[in-house]
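>
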Amino acid sequence: MPEYQTLLVEQHASVAHVQINRPEKINAMNALFWEEIIAAFDWIDQTDSVRVVVVSGAGKHFSAGIDLMMLAGASHKMTTDIGRNAEIIRRNVLRLQASFNAVDQCRKPVIAAIHGYCIGGAIDLISACDMRYSTADAHFSIKEIDMGMAADVGTLQRLPHLIGDGMMRELAYTGRAFDGNEAAAMGLVNSIQPDHEKLMSSVMAIANEIASKSPLAIRGTKEMIRYSRDHSVEDGLNYIATWNAAMLQSEDMKLAMAAHMAKKTAEFAD
2 MPEYQTLLVE
12 QHASVAHVQI
22 NRPEKINAMN
32 ALFWEEIIAA
42 FDWIDQTDSV
52 RVVVVSGAGK
62 HFSAGIDLMM
72 LAGASHKMTT
82 DIGRNAEIIR
92 RNVLRLQASF
102 NAVDQCRKPV
112 IAAIHGYCIG
122 GAIDLISACD
132 MRYSTADAHF
142 SIKEIDMGMA
152 ADVGTLQRLP
162 HLIGDGMMRE
172 LAYTGRAFDG
182 NEAAAMGLVN
192 SIQPDHEKLM
202 SSVMAIANEI
212 ASKSPLAIRG
222 TKEMIRYSRD
232 HSVEDGLNYI
242 ATWNAAMLQS
252 EDMKLAMAAH
262 MAKKTAEFAD
């Protein structure tokens, strides 16, 4: 298993646990983090024994978002030419977007377990996950507006599909903080737990339940959900018909049907 400087990646049976591992910096996302998250999710995608991913933060917080020292360092690359500056900034933003696209496009379900701060870039990250769970006292904020900028790594594009357009606009325009209770009420998180220990126990139980299902069925389900988010109903129906023309012939379906009839638990290959 690869080792990282900003992440702690462990595999527990069929579940990969990815922790942002800079607790002394409130898990702020430095330059290396953005590279390592791509590498970690590439490993996850290519490792068939991993069926589900849990993303959390080491220490007292999930993440305080992008490391401001990284932004300060980027300013040193600026020139006197506006066009060239714009090209440099655009390339950098696209590179950062690719990091969370890797999470969104991962073949396996990704579950975010959130406690403490979940600010700025951390909202971009959890928006790219399949599901989100938090502690009641978690602290959320789309903080970019208070930095004099618009969020540019996925929050404004993905969050409206999770909490609705109006609520997303309120949070993005004001940058106001909200806790886990409000996050659950608006549908950003599926449920809340009273503390970090119970949060991780609950999330791991959900991850293990998903991991027990047919990997092909889970793969197809995630692919269809992602595709339908960005396409019409007609496009989505056509795609699932084509997809299942192959997948309905898999051994997994035969095993699942037989186990269901016999009231037993099916064991699926990776």
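Read left to right, the sequence shown gives residues 2 to 271 (the working numbering). Where a beta carbon is used, it is the ideal one built from N, C-alpha and C, also for glycine. Since this is a predicted model, take the numbers as computed values, not measurements.
How many whole angstroms separate the CB atoms of K223 and D131, which I take to be in contact at a CB cut-off of 8 Å?
7 Å
> Hey, out of L95, A139, N191, A137, whose CA is closest to A152's CA?
L95
> Rounded to the nearest angstrom, what separates R220 and M258 at their Cα positions?
Approximately 18 Å between the Cα atoms of the pair.
> Given a cut-off of 7 Å, decide if G176 and E207 are closer than it, judged by their beta-carbon atoms.
The amino acid occupying residue 207 in the given sequence is Ile; Glu does not appear at that position. Against a cut-off of 7 Å, the Cβ pair of G176 and I207 comes out as no contact.
> Return the residue from the list A14, N22, H13 that minimises the CA-CA distance to Q4.
Going by the sequence as given, residue 4 is Glu instead of Gln. Considering only alpha carbons, the answer is N22.
> Within the chosen definition, does the segment 108-122 reach the segment 192-210 through at least 3 CB pairs nearer than 8 Å?
yes
> Which runs of the alpha helix (DSSP H) at least 4 residues long sit entirely within the segment 191-254? Give them in chain order.
Under the rule that a run must span 4 or more residues, the alpha helix (DSSP H) segments found entirely inside the segment 191-254 read 197-212, 216-230, 234-248.
> Relative to the C-alpha of S135, which residue among M225, N93, A75, A184 is closest?
A184
> Please return the same chain residues whose Cβ sits closer than 6 Å to the Cβ of D65, not counting the five positions on each side in sequence.
Here the sequence assigns Ala to residue 65, which means Asp is not the residue at that position. Only I27, A29, Y118, I120 meet the Cβ criterion.
> What residue does the beta strand (DSSP E) around Q20 start on, and which one ends it?
16-21
> Sorry if obvious, but does the Cβ on A218 come closer than 6 Å to a heavy atom of the ligand ADP?
The ligand ADP is not part of the structure shown, which contains no ligands of any sort.
> I need the DSSP call for A185, collapsed to helix, strand or coil.
helix
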